[in-house]
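>
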Amino acid sequence: MSSKKLIYYYQTFTSLKPLVKANLPNLYVYLASLHFGYNNDNTPYIHLNDSPPDDQPSLWQDVKNAHLNGIKILVLLGGAGGAFGDLFNNYNVFYDLLKNFLNKYNYIQGIDLDVEETVKMQDIQKLIKDIRSDFGEKFIITLAPVVYPMITDGPGLGGFSYKKLYQSNVGAYIDWFNVQCYGCYNFSTYNQIINNGYPEEQIVFGMLGDEYNSSNFSRALNEIKSVIKKYDDMGGCILWEYGDTQIDPITWGKKINNLFNSKRGCFY
Numbered sequence: 003m004s005s006k007k008l009i010y011y012y013q014t015f016t017s018l019k020p021l022v023k024a025n026l027p028n029l030y031v032y033l034a035s036l037h038f039g040y041n042n043d044n045t046p047y048i049h050l051n052d053s054p055p056d057d058q059p060s061l062w063q064d065v066k067n068a069h070l071n072g073i074k075i076l077v078l079l080g081g082a083g084g085a086f087g088d089l090f091n092n093y094n095v096f097y098d099l100l101k102n103f104l105n106k107y108n109y110i111q112g113i114d115l116d117v118e119e120t121v122k123m124q125d126i127q128k129l130i131k132d133i134r135s136d137f138g139e140k141f142i143i144t145l146a147p148v149v150y151p152m153i154t155d156g157p158g159l160g161g162f163s164y165k166k167l168y169q170s171n172v173g174a175y176i177d178w179f180n181v182q183c184y185g186c187y188n189f190s191t192y193n194q195i196i197n198n199g200y201p202e203e204q205i206v207f208g209m210l211g212d213e214y215n216s217s218n219f220s221r222a223l224n225e226i227k228s229v230i231k232k233y234d235d236m237g238g239c240i241l242w243e244y245g246d247t248q249i250d251p252i253t254w255g256k257k258i259n260n261l262f263n264s265k266r267g268c269f270y
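For the sequence shown, this note's numbering begins at 3 and goes up steadily by one.
Next up, the structure:
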């Protein structure tokens, strides 16, 4: 069995039951996305998408069932909706909300930091250190950069260098990078990232599902096949996102899993 990861982001909450039924190996699901902010009375909040996490009981029943069936459940912090500006402007308050959330839903096994607001690198370093200290070595910490900073060492959407972060004293705490290869999902992109000094097992190949449909998905599969041919230890593949995509998410997982488990990568 391949050690490559099949990863789904999950923002449009439909149901994970079809994914459980598919019984695919090495599955990871990131619930997206956590945000911070203030209520009308100026009390701080943590939301999963637009609602308090506790207001979504059917979601948690579904997610816990997936967890009990062997799917690793993680959560995404940030993204286009933001989180880090509020977090770092009132760190103790908002970090406590995050910590309480993770302790309550303690089957969540990791967190993805999708930094799309300008922040200081030392703030991200502190956050990573605190998460590692509070939740231990087995708790997964990942980051979700776009392609540019991974091939150039220039600043990402957060305004800091991922290479400098990776080479810093928190680099060892980063389990892998979920790279958003949107608009450039090809072998060349992956190859440039590895040539820029990142280990292949820590680079997961992120696909925007709405860029593909049943008629052109074979193009993406061919690119993955080329990556695997050169980088057999590549970290895996990601779909954004499970609940809203032109590609059937179960078909996506089955076909990519077939590639992972074929030495020649030729099974569609």
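All C-beta atoms in this analysis are idealised placements derived from N, C-alpha and C, irrespective of residue type, glycine included. Just so we're clear, the structure is a prediction, and the values are computed from it rather than from any experiment.
If we count the other Cβ atoms within 10 Å of its Cβ and call it buried at 16 or more, is Glu139 buried or exposed?
By one-based count along the sequence shown, residue 139 stands at place 137. Looking at its Cβ environment, which holds fewer than 16 other Cβ atoms inside 10 Å, Glu139 is exposed.
> Let me check understanding here. Comparing Cα to Cα, which of Gly199, Leu223 and Thr16 lies closest to Met209?
On the sequence shown, residue 209 is found 207 positions in, with the first residue counted as 1. It is Leu223 whose Cα lies nearest to the Cα of Met209.
> What does the Cβ neighbour count give for Ala68, buried or exposed, with the cut at 16 atoms within 10 Å?
Mapped onto the sequence shown, residue 68 falls at position 66. With 16 or more other Cβ atoms within 10 Å, it is buried.
> Considering only residues of the same chain and omitting the five flanking positions on each side of Gly267, which have a CB-CB separation below 7 Å?
Along the sequence shown, one-based indexing puts residue 267 at 265. Low per-residue confidence applies at Gly267: pLDDT is 41, beneath 50, and the placement is therefore not dependable enough to give any value.
> Would you tell me roughly how many angstroms separate the C-alpha atoms of Leu145 and Ile240, rounded to the nearest one?
As a position in the sequence shown, residue 145 is number 143, starting the count at 1. As a position in the sequence shown, residue 240 is number 238, starting the count at 1. Cα to Cα, Leu145 sits roughly 13 Å from Ile240.
> Give me whichever residues DSSP pairs with Tyr192 in a beta bridge.
Taking the first residue of the sequence shown as position 1, residue 192 is located at position 190. Paired residues: none, contrary to the question.
> Under 8 Å Cβ to Cβ from Leu76, same chain only, skipping five residues before and after it: list those, please.
The residue you call residue 76 lines up with position 74 of the sequence shown. So the list reads Tyr30, Val31, Tyr32, Leu33, Ile110, Gln111, Gly112, Ile113, Asp114, Ile142 and Thr144, once near-sequence residues are dropped.
> Verify whether the separation of the beta carbon atoms of Asn28 and Ser53 is less than 8 Å.
Reading the sequence shown from its first residue, position 26 is the one you call residue 28. Reading the sequence shown from its first residue, position 51 is the one you call residue 53. Result no, Cβ atoms of Asn28 and Ser53 do not sit closer than 8 Å.
> Just how far apart, CA to CA, sit Trp254 and Lys19?
The residue labelled residue 254 in the question sits at position 252 within the sequence shown. The residue labelled residue 19 in the question sits at position 17 within the sequence shown. Between Trp254 and Lys19, the C-alpha separation is close to 16 Å.
> If I'm right that Glu225 touches Tyr187 with Cβ under 8 Å, what's the distance once you round it to whole angstroms?
Within the sequence shown, numbered from 1, the residue matching residue 225 stands at position 223. Within the sequence shown, numbered from 1, the residue matching residue 187 stands at position 185. At roughly 6 Å, the Cβ-Cβ gap stays under 8 Å, so Glu225 and Tyr187 are in contact.
> Grab me the residues of Val95's own chain with a C-beta within less than 7 Å of its C-beta, minus the 5 sequence neighbours each way, in chain order.
Residue 95 sits at position 93 when you count from the first residue of the sequence shown. Answer for Val95: Pro46, listed in chain order.
> Quick check: the Cα distance between Asn105 and Thr247, rounded to an integer number of angstroms?
Numbered from 1 along the sequence shown, position 103 holds the residue referred to as residue 105. Numbered from 1 along the sequence shown, position 245 holds the residue referred to as residue 247. So the alpha carbons of these two residues sit roughly 31 Å apart.
> Tell me which same chain residues have a C-beta within less than 7 Å of the C-beta of Ala85, skipping the five on either side of it?
Residue 85 sits at position 83 when you count from the first residue of the sequence shown. Closer than 7 Å at Cβ, skipping near neighbours: Leu36, His37, Phe38 and Leu79.
> Can you tell me where the beta strand (DSSP E) holding Gln111 begins and where it ends?
The residue you call residue 111 lines up with position 109 of the sequence shown. Segment Ile110 to Asp116, the beta strand (DSSP E) holding Gln111.
> With burial defined as no fewer than 16 other Cβ atoms inside 10 Å of the residue's Cβ, what is the status of Tyr10: buried or exposed?
What you label residue 10 is simply residue 8 of the sequence shown in a count that begins at 1. Flag for Tyr10 reads buried.
> Quick check: what's the CA-CA separation for Asn198 versus Tyr164?
Here residue 198 corresponds to residue number 196 of the sequence shown, with the count starting at 1. Here residue 164 corresponds to residue number 162 of the sequence shown, with the count starting at 1. Computed Cα separation, rounded: 11 Å.
> Can you give me the start and stop residues for the alpha helix (DSSP H) that Ile176 sits inside?
Taking the sequence shown and counting its residues from 1, one reaches residue 176 at position 174. Counting along the chain, Ile176 falls outside any alpha helix (DSSP H), and DSSP gives it neither H nor E.
> State the Cα-Cα distance for the pair Lys101 and Gln63, rounded to the nearest angstrom.
The count along the sequence shown starts at 1 and reaches residue 101 at position 99. The count along the sequence shown starts at 1 and reaches residue 63 at position 61. Spanning the two alpha carbons is a distance of roughly 21 Å.
> Quick check on DSSP: helix, strand or coil for Asn263?
Mapped onto the sequence shown, residue 263 falls at position 261. Here Asn263 sits in coil by DSSP.
> Distance, Cα to Cα, Asp250 vs Ser17?
Within the sequence shown, residue 250 is the residue found at index 248, counting from 1. Within the sequence shown, residue 17 is the residue found at index 15, counting from 1. Their backbone Cα atoms lie some 13 Å apart in a straight line.
> For Asp125, which residues in the same chain have their Cβ closer than 6 Å to its Cβ, ignoring the five residues on either side in sequence?
Your numbering for residue 125 matches position 123 in the sequence shown. These residues qualify, in order along the chain: Phe90.
> Can you pull the DSSP bridge partners for Leu36?
Indexing the sequence shown from 1 puts residue 36 at position 34. Per DSSP, Leu50 and Leu79.
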